[in-house]
Amino acid sequence: MKLRPYAIYKLTLSGAAFGLCLTAAPAAMAACSDPAAPLVDWNDCDLTGRDLTGSDLRGAQLKDANLFEVNLRGADLGGANLQGADLSMANLTNANFENARLIFASLVQANLTNANFKNATLWGAFLNDATFNGTDFTGADLYAAVLSDYAPDLEEWIDVRNSGTAIFCRTTMLNGTVFYPDCPVVQ
């Protein structure tokens with residue numbers, strides 16, 4: 151079959167227009183008003199005082215987000231990125247932060263009762279005056295984290311083996327050493 155010159159021109163234009171449609175489509179951008187969902191992108195969002203009780207935020211992007219006084223009771227933030235986020239005075243009771251990144255995050259005066267921080271990275275995080283009751287930091291990395299304005303060393307801050315208030319099993323501590331490396335593994 152022999153194509154006439156205008157047919158070739160028409161096919162070329164159609165193909166070019168189709169290609170532009172594919173490549174020129176804007177990328178989907180999440181908004182701070184988007185509903186709570188796994189993998190939501192709330193980087194730099196101001197979520198002050200929001201009630202996110204029981205929300206599924208696994209893998210969410212919350213870098214530099216303002217979560218001041220947010221209620222995340224029972225929320226799942228497993229694998230979420232909260233680098234530089236402000237969680238000051240937040241209710242994190244029973245929240246899951248397993249494998250989450252909380253580098254330089256502020257958890258000042260946050261309620262961490264029964265929260266799970268297993269294998270979380272909390273480098274340089276601020277945990278001043280936070281409430282620790284049954285908080286689990288097993289395998290977490292707290293290198294250079296600030297636990298108290300008054301006690302630079304964890305052993306001065308709390309007698310973890312006897313207090314029952316927090317679990318620091320195989321946890322990388324402020325100075326880089328692994329605290330209680332031989333604690334029993336609970337399945």
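Reading the sequence shown from the start, the letters are residues 151 to 337 in the numbering used here.
All C-beta atoms, glycine included, are put in the ideal place defined by N, C-alpha and C.
Quantities reported herein were computed from a predicted structural model and do not represent experimental measurements.
Proximity winner among the options, relative to residue i (alpha-carbon distances)
| i | options | result |
| --- | --- | --- |
| Cys195 | Leu262, Ala235 and Gly289 | Ala235 |
| Ala280 | Asn241, Gly209 and Asn216 | Asn241 |
| Asn231 | Leu212, Phe218 and Leu292 | Leu212 |
| Asn249 | Gln259, Phe276, Ala210 and Thr243 | Ala210 |
| Asn264 | Asn244, Leu272 and Thr271 | Asn244 |
| Leu297 | Thr288, Gly289 and Gly274 | Gly274 |
Distance, residue j Cα to residue i Cα
| i | j | result |
| --- | --- | --- |
| Arg251 | Ser183 | 23 Å |
| Asp214 | Leu237 | 10 Å |
| Thr285 | Ala181 | 32 Å |
| Leu197 | Val220 | 7 Å |
| Phe254 | Ala187 | 24 Å |
| Trp307 | Gln233 | Confidence is the limiting factor: at Trp307 the pLDDT is only 45, short of 50, which leaves the residue's position unreliable and the question unanswerable from this model. |
| Leu272 | Ala294 | 8 Å |
| Asn269 | Asp226 | 14 Å |
| Ser205 | Leu189 | 12 Å |
| Ala174 | Asn193 | In this predicted model, Ala174 has a pLDDT of only 40, less than 50, meaning its place in the structure is not dependable; the value taken from the coordinates is given anyway. Their Cα atoms are separated by approximately 24 Å. |
| Leu222 | Gln259 | 14 Å |
| Ser291 | Phe276 | The sequence shown places Asp at residue 291, rather than the Ser named in the question. Using only the alpha carbons, I get a separation of about 13 Å. |
| Asn261 | Leu202 | 15 Å |
| Asn278 | Pro185 | 30 Å |
| Gly289 | Leu217 | 25 Å |
| Arg200 | Phe287 | 26 Å |
For residue i, the three-state DSSP class (helix, strand or coil)
| i | result |
| --- | --- |
| Asn216 | strand |
| Gln259 | coil |
| Phe276 | strand |
| Arg200 | coil |
| Asn264 | coil |
| Asn231 | strand |
| Asn283 | coil |
| Pro155 | Confidence in Pro155 is poor, its pLDDT being 49 and thus under 50, which makes the residue's placement unreliable; the coordinate value appears in the next sentence. Three-state DSSP puts Pro155 in a helix. |
Nearest-angstrom Cβ-Cβ length linking residue i and residue j, presumed shorter than 8 Å
| i | j | result |
| --- | --- | --- |
| Arg208 | Gly228 | 5 Å |
| Asn283 | Asn266 | About 13 Å; that fails the 8 Å criterion. |
Heavy atom of the ligand HEM within 8 Å of residue i beta-carbon
| i | result |
| --- | --- |
| Asn244 | Although the ligand HEM was asked about, the structure shown includes no ligands whatsoever. |
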